[in-house]
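Presented below is the structure to which this report refers.
Set out below in structure tokens:
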């Protein structure tokens, strides 16, 4: 039997500390451990400044190597350049199989596409505010806000008056007659909390995405494996994550949908549209 160290994906974790809170550090590494082994862990920033002081304990506790990069000109970010140069060096050294770019900065979009052009898998981790350009440049994007979500979050879904199906489909709990320019933000808050709340909503139409995934991967009998559905979703939506819909696993998310049915075939879960449901999104 092969040793895990010879078969597991080796990941270079590159953290843009100017754009990431240290409170996410442990959860980031825990998440990446499900994808492989983080063999290189580096955090970039100007450590002579006080605004990165919160990172010190995280770096020590998690054995992350800090990389010092002075800001040579006031207002100019030199951290991005240092991270990009290191990433290209690691690419040509050939010691890693994948890269994890931890940042919400769209300046890393070209780096992500370049690494993928060289055959490397790229995982992005950033906040909801991350521009679409960076999210769509990686193989998989994980929202930092979803990390650390425990099973308690799934068990304690807020009672907002919606059914579980409505919640999983991302329907708005706000009554139609109360929707308007001040929705969620209160009167006069059109550019404040309203925008932040909108960022928190899942961007994917879940029902459409699941139906398309089942249709695209099912055989003549209408059945497909849950694994194939998951792979199709990941390819079509790089930021798809069951945790965005209150579930830790795709299997429980699929089982909750009223338009899908599942069955067990040995150790494999199979999925199909329920009878009478059209085979289209």
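Residue numbers (the UniProt record's numbering): 1 to 281.
Think of the CB as a built atom: it goes at the ideal place given N, C-alpha and C, for glycine as much as any other residue.
Note that the coordinates shown come from a computational prediction; the quantities given were computed from them, not determined experimentally.
* **Minimum length 3: unbroken beta strand (DSSP E) runs contained in the region 23-62** => For the region 23-62, the continuous beta strand (DSSP E) assignments of 3+ residues that do not extend past its boundaries occur at 37-45, in sequence order.
* **Cβ shell of residue 82 (< 8 Å), same chain only, five flanking positions each side left out** => 44, 67 and 69
* Cutoff 7 Å; reference residue 237; Cβ partners in own chain excluding five residues on either side -> 204 and 209
* Quick one: Cα of residue 38 to Cα of residue 80, how far? -> 21 Å
* Taking only runs that begin and end inside the region 211-280, name each unbroken alpha helix (DSSP H) of 4 or more residues, in chain order. => 226-236 and 250-256
* To do: With DSSP collapsed to three states, give me the class of residue 71.
  => coil
* To do: Report yes or no: do the region 105-119 and the region 141-150 share at least 3 C-beta pairs separated by less than 8 Å?
  => When Cβ pairs closer than 8 Å are counted between the two stretches, the region 105-119 is seen not to touch the region 141-150, the count staying below three.
* To do: Measure the Cβ-Cβ separation of residue 95 and residue 10 and say whether it is below 8 Å.
  => yes
* Please name the residue in 29, 266 and 14 whose C-alpha comes closest to that of residue 225. => With distances taken between Cα atoms, residue 225 lies closest to 266.
* Asked: Using a Cβ-Cβ cut-off of 7 Å (strictly less than) and excluding sequence neighbours within five positions of residue 191, which residues of its own chain qualify?
  -> Note on residue 191: pLDDT 38, under 50, position unreliable in the model; no value is reported.
* Provide the residue span of the alpha helix (DSSP H) that contains residue 90, from first to last. => 79-93
* Own chain residues within Cβ distance below 6 Å of residue 12, not counting five before or after -> 40, 90, 96 and 99
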